[in-house]
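First to last, the protein sequences are chains A and B. Note that the first sequence ends on residue 174 in my numbering; no numbers are left out. Note that the second sequence ends on residue 166 in my numbering; no numbers are left out. Just so it is clear, CB atoms sit at the ideal spot from N, CA and C, and this is done for glycine as well.
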Amino acid sequence: MKFFEDIPVGEAAMLGSHVFTAAAIAAFAARFEPRLLRLDHDAPLPASGWQVACVWMRRLVDHRRNEDAERRARGQPVATLGPSPGFRDLQWPAPVYPGDTVTYRNEVIDKRVSLSRPRWGLLMSRNSGHNQRGELVLSFVSSAFVQRRPDGA
Amino acid sequence: MHRLAWEDFVVGSVTELGTLCISRDDIVEFAAEFDPQPMHLDDAAAAASMLGGLAASGWHTCCLMMRLLGDGLLRDANVLRVPGVEDVRWRAPVRPGETLTARATVLETWPAPGHADRGFVKLRLELTDARATRLMTMTMSPLLARAVT
């Protein structure tokens, strides 16, 4: 990704889509939310909201990896994405059912230099997922450390 | 057996949710699927990162917290919905071999506006290690059914 200083607030990226299968939904629930498996059996088991969020993370990492490869191919410097201190305001407005396709998006909404780690900045983003009917299924605000431009770069 | 309803959650009450151990294999397996950043997969890359060594993905620790919350409290409650999560703070790295303990504190309860049969319970969730270091905190407000009268 770009260095902290070069990322404009407002920059948005589509992170790609993921199809949620019944098998993957059941496997995730068995591992992390088994109480969901005991709910109403007449309806198809919806995905754990955490699975919908974890798939966002996978899509983000893949997107950054592709972005970095493109930058290297153009001879451009690549910044390090650091850990995240956390996130806030996460909502699951609608369930994700087997067979649904969720398309994920990331939009930078704010940034500030880190006071405690001056070689890093903090990037805040609004992240979202929509299903194939255009319904919002995931929304949250993430923060992450991004490497600042090294001196002289 | 009695299933917990909204009225059963008292502000200030603390529930110990249980303990589990996270292995290196757990960390790498989860990261390979959901968060394949080098700091969650490779010792050398992780040592060079801000985490200072291999550590679990924050999303993995959220999932483990949900497992402990489900098994330790929500499984026996009439949960209608978990609309979302107000905040999560990943405060310290979660290392391979760590023993994780979770606890839930009821911060607030309120009836659902416009619905006489349900209410929200705001929970403060905390994950600590064997030295009682706070690894992660989470605030969420599940929607529960009120007791049938």
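- Under the Cβ criterion of 8 Å, D104/B is counted among the residues facing chain A.
- Cβ atoms of R147/A and E103/B stay farther apart than 8 Å, at about 16 Å.
- If you draw a straight line from the Cα of A43/A to the Cα of L160/B, it is about 25 Å long.
- Out of E24/B, V138/B, S74/B and D134/B, the CA that lies nearest to the CA of L124/B is found in V138/B.
- Taking A162/B as reference, the option from A94/B, L58/B, A49/B and P55/B with the minimal CA-CA separation is A94/B.
- Contact residues of the segment 93-105 of chain A toward chain B are T101, L102, G103, P104 and S105 (C-beta to C-beta distance below 9 Å).
- Ranked by how close their Cα comes to the Cα of R140/A, the residues G103/A, P65/A and R52/A have G103/A in first place.
- Around the beta-carbon of H57/B, 16 or more other beta-carbon atoms lie within 10 Å, marking it buried.
- Of A65/B, F47/B and L142/B, the smallest CA-CA separation from G29/B is found for L142/B.
- Annotated three-state conformation of N87/A is helix, per DSSP.
- The beta carbon of R106/B sits closer than 6 Å to the beta carbons of T154 from its chain, once the five residues preceding and following it are set aside; these are given in chain order.
- Below 8 Å, enough C-beta pairs join the segment 146-162 of chain A and the segment 69-78 of chain A to call them touching: three or more.
- Contact of P113/B with chain A is not assigned, every C-beta pair being separated by 8 Å or more.
- DSSP places L161/B within a strand segment (E or B) once states are collapsed to three.
- Between D121/A and S74/B, the alpha-carbon positions lie close to 26 Å from each other.
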